[in-house]
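Engineer: Read in order, the letters of the sequence shown correspond to residues 1 to 260 in this note's numbering.
We put the beta carbon where it would ideally sit given N, CA and C, even for glycine.
What follows is a structure written as structure tokens; I'll ask about it next.
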Amino acid sequence: MELQQTLAKSAGLSGTSLHTGEKVTLKLQPAPADHGIKFKRKDLADEPTIDATIANLKTVERATTIGEGAVRVHTVEHVLSALNAMGVDNAVIEMDANEPPIGDGSAAPYVEVIRKAGTVAQEAPRRFFDVREPLHIESKTGSLLVLLPDAKFRVSCTQAGPDNRFTQFFSTEITPAIFEREIAPARTFVYYEDVAPLMEKNLIKGGSLENAIVVRGESVLSKEPLRFLDEFARHKVLDIVGDLALVGTRIRGHVVAVKP
């Protein structure tokens with residue numbers, strides 16, 4: 001029997017949010033068994049909380065937003081991905097703004113915070129969603145998501161940009177060690193032709209080459225060389241792991257995504 005885990009102590013980080021450009025401090029706090037993952041808005045009156053569950057999903061355009069009532073938290077996928085993959089079942093994510101720090105555009109800063117805090121087992125069994133038969137969802141834009149039975153949690157992703165530029169594939173089992181080494185360092189990316197429309201929507205105010213990769217034609221604009229030859233596909237896996245954390249239980253199955 002696998003036991004639930006929480007953080008051994010609190011730990012946090014500060015930085016700039018990607019879309020709002022605001023300065024924000026985020027702190028991860030331990031939580032009791034069966035608590036799940038909750039966001040707490042320390043900047044608002046009464047410090048409201050939002051359960052990180054699919055029932056509270058609001059939008060997924062360019063980032064994942066969750067909310068309860070009028071309260072929102074944007075771009076939650078990186079911190080949720082790190083907590084999910086590193087085995088943290090119960091935690092409070094305290095923030096003094098409506099969006100977490102983007103860091104370097106990867107989940108590595110959040111893995112570092114979790115390592116600093118440590119994890120401890122709790123006296124409650126983990127709950128699992130076992131994929132027992134194939135499931136699939138296809139969008140009008142050609143994105144495809146397939147769930148297949150598997151004894152482990154695996155994610156496979158084929159990523160392709162406009163005109164199928166930079167088509168990449170990455171597949172792996174999700175474990176803390178694999179995530180920390182092979183997935184967490186992969187940075188977010190954007191296609192140059194999408195930058196102006198995003199700015200017109202009042203997004204990516206905090207975006208720069210310090211925290212994102214820009215793809216222009218066949219060129220890659222970045223403050224450093226790509227960390228992996230298939231960094232884009234790996235980052236999509238990172239995002240998928242974060243979004244699937246909203247299921248609220250751990251998944252045993254193989255998730256196959258095409259152009260997510």
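(1) Below 8 Å, can you find three or more Cβ-Cβ pairs linking the stretch 21-38 to the stretch 85-98?
(2) From T59, R227, L147, pick the residue whose C-alpha is nearest to that of G253; which is it?
(3) How close, in whole Å, do the beta carbons of H35 and A63 come, if the pair is a contact with beta carbons under 8 Å?
(4) Hey, how far is the Cα of R181 from the Cα of Y191?
(5) Report the residue from P48, R132, V71, G105 whose alpha carbon sits nearest the alpha carbon of A151.
(6) Looking only at its chain, what residues have a beta carbon closer than 6 Å to the beta carbon of K39, apart from the 5 residues adjacent to it on each side?
(7) How is P32 classed by DSSP in three states: helix, strand or coil?
(8) Which residues bound the alpha helix (DSSP H) around E112?
(9) Give the list of continuous alpha helix (DSSP H) stretches no shorter than 4 residues that lie fully inside the stretch 174-248.
(10) Assuming E231 contacts R187 (C-beta within less than 8 Å), just tell me the rounded distance between them.
(11) Nearest by alpha-carbon distance to N126: which of E47, L244, T6, A108 is it?
(12) Measuring straight from C-alpha to C-alpha, what distance separates V241 and V258?
(13) Is E261 helix, strand or coil by DSSP?
(14) Considering only the alpha carbon of each residue, which of M86, E210, A124 lies closest to E2?
(15) At the level of alpha carbons, what is the spacing between E306 and F179?
(16) In terms of residues, what are the limits of the beta strand (DSSP E) holding V258?
(17) Counting C-beta neighbours from all protein chains within 10 Å, is the total for R216 16 or more, i.e. buried, or is it exposed?
(18) Would you report the Cα separation of E22 and E138, rounded to the nearest angstrom?
(19) Check the DSSP bridge columns for S14 and list the partner residues they point to.
(20) What's the C-alpha gap between L135 and L144?
(21) Under three-state DSSP, which class holds P162?
(22) Which word fits G206, buried or exposed, when buried means at least 16 other C-beta atoms lie within 10 angstroms of its C-beta?
(23) Just how far apart, CA to CA, sit A8 and I114?
(24) R41: which of V247, N56, V24 sits nearest, CA to CA?
Structural biologist: Working from what's here:
(1) yes
(2) L147
(3) Not quite, the Cβ-Cβ distance comes to about 25 Å (not below 8 Å), so this is no contact.
(4) 26 Å
(5) Nearest of P48, R132, V71, G105 to A151, Cα basis: R132.
(6) With the sequence shown as reference, residue 39 is identified as Phe, and Lys is not the correct amino acid for it. Around F39: I50, V73, I93.
(7) coil
(8) 108-117
(9) 192-200, 231-244
(10) So it is a contact: roughly 7 Å between Cβ atoms.
(11) At residue 126 the sequence reads Arg, which differs from the Asn that was named. Nearest option by C-alpha distance: T6.
(12) 15 Å
(13) Shown here, the chain extends from 1 to 260; a query on residue 261 therefore has no answer.
(14) A124
(15) Since the first residue of the chain shown is 1 and the last is 260, residue 306 is not available in this structure.
(16) Secondary structure note for V258: its beta strand (DSSP E) is the uninterrupted segment 250-258.
(17) A residue is called buried once 16 or more other Cβ atoms fall within 10 Å of its Cβ, and R216, having fewer, is exposed.
(18) Between E22 and E138, the C-alpha separation is close to 35 Å.
(19) T25
(20) C-alpha separation (whole angstroms): 11 Å.
(21) Three-state DSSP puts P162 in a helix.
(22) buried
(23) If I take the Cα positions, the gap works out to 9 Å.
(24) Among V247, N56, V24, the Cα nearest to that of R41 belongs to V24.
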